[in-house]
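Numbering (this note's numbering), first residue to last: 507 to 698. Using N, Cα and C, we set each Cβ at its ideal position, and we do this for glycine too.
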């Protein structure tokens with residue numbers, strides 16, 4: 507390695523910082539933790555040789571901070587092994603569903619609830635459809651109710667299919683306690 511450059515690394519300091527965050531949050535790609543170790547070794551070799559330019563010095567700082575935080579999480583007992591602390595060993599849990607999928611889950615729950623299916627039965631049916639546990643579906647519903655309503659309203663607007671009076675009454679029961687769900691009864695200004 508000459509001229510203060512890494513051989514195989516074209517990552518910016520911001521890229522390195524993002525990888526360290528992803529590794530810490532256990533959201534990194536499988537090889538990202540190993541990539542950090544490799545870059546650290548290359549940077550350390552440069553540091554003991556010709557020194558580091560500004561960008562490489564910044565990368566070195568980010569990786570050292572990451573290692574310090576990783577070792578501290580191991581010493582505090584937050585991570586049981588050094589491999590886990592450094593991100594070399596991942597949790598065996600299923601990855602989180604992204605917000606778009608969770609919104610679709612919530613929309614499906616709302617569709618079923620509008621068909622007078624109970625909340626628990628709707629969660630179970632959506633669980634089978636999406637292949638996620640009932641708890642995940644329930645969390646998606648709790649976090650994305652408003653998005654689900656918007657999605658269904660958009661679908662209906664595109665189809666020129668308004669809410670029936672029965673559906674609107676069910677919406678008031680399902681979503682009536684939500685502060686963002688306004689009906690003429692809850693509105694400060696009543697329609698004339």
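Whole angstroms are fine: how far does the CA of residue j sit from the CA of residue i?
i           : j           : result
residue 613 : residue 588 : 42 Å
residue 524 : residue 660 : 35 Å
residue 556 : residue 519 : 19 Å
residue 686 : residue 657 : 15 Å
residue 605 : residue 554 : 45 Å
residue 515 : residue 575 : Because residue 515 carries a pLDDT of 49, less than 50, the predicted location of this residue cannot be relied on, and no value is offered for it.
residue 507 : residue 581 : Reliability fails at residue 507, whose pLDDT of 41 lies under 50, so the model's placement of it is uncertain and the value that follows must be treated cautiously. When rounded, the distance between both Cα atoms is 35 Å.
residue 579 : residue 572 : 10 Å
residue 680 : residue 564 : 52 Å
residue 545 : residue 610 : 40 Å
residue 625 : residue 517 : 48 Å
residue 566 : residue 592 : 16 Å
residue 620 : residue 672 : 9 Å
residue 670 : residue 533 : 43 Å
residue 529 : residue 542 : 9 Å
residue 510 : residue 521 : With a pLDDT of 45 at residue 510, under the threshold of 50, the modelled position of this residue cannot be trusted, and the question is left open.
residue 585 : residue 577 : 9 Å
residue 641 : residue 594 : 28 Å
residue 677 : residue 627 : 17 Å
residue 688 : residue 651 : 14 Å
How would you write the range of the alpha helix (DSSP H) that residue i sits in, first residue to last?
i           : result
residue 607 : 605-620
residue 677 : 671-681
residue 569 : 560-581
residue 684 : Residue 684 -> no alpha helix (DSSP H), and no H or E assigned at all.
residue 594 : Run containing residue 594: none; DSSP gives neither H nor E here.
Is residue i buried or exposed, if buried means 16 or more other CB atoms sit within 10 Å of its CB?
i           : result
residue 548 : buried
residue 535 : exposed
residue 608 : buried
residue 698 : Because the pLDDT of residue 698 is 41, which lies under 50, any placement of that residue in the model is unreliable, and the question is left without a value.
residue 540 : exposed
residue 526 : buried
residue 674 : exposed
residue 616 : buried
residue 551 : exposed
residue 648 : exposed
Report task. Mind listing, in chain order, the continuous alpha helix (DSSP H) runs of no fewer than 4 residues lying wholly within the segment 514-548? Result -> 519-530
Query raised in the report: What are the complete beta strand (DSSP E) segments, minimum 3 residues, inside the segment 626-650?
Result: none
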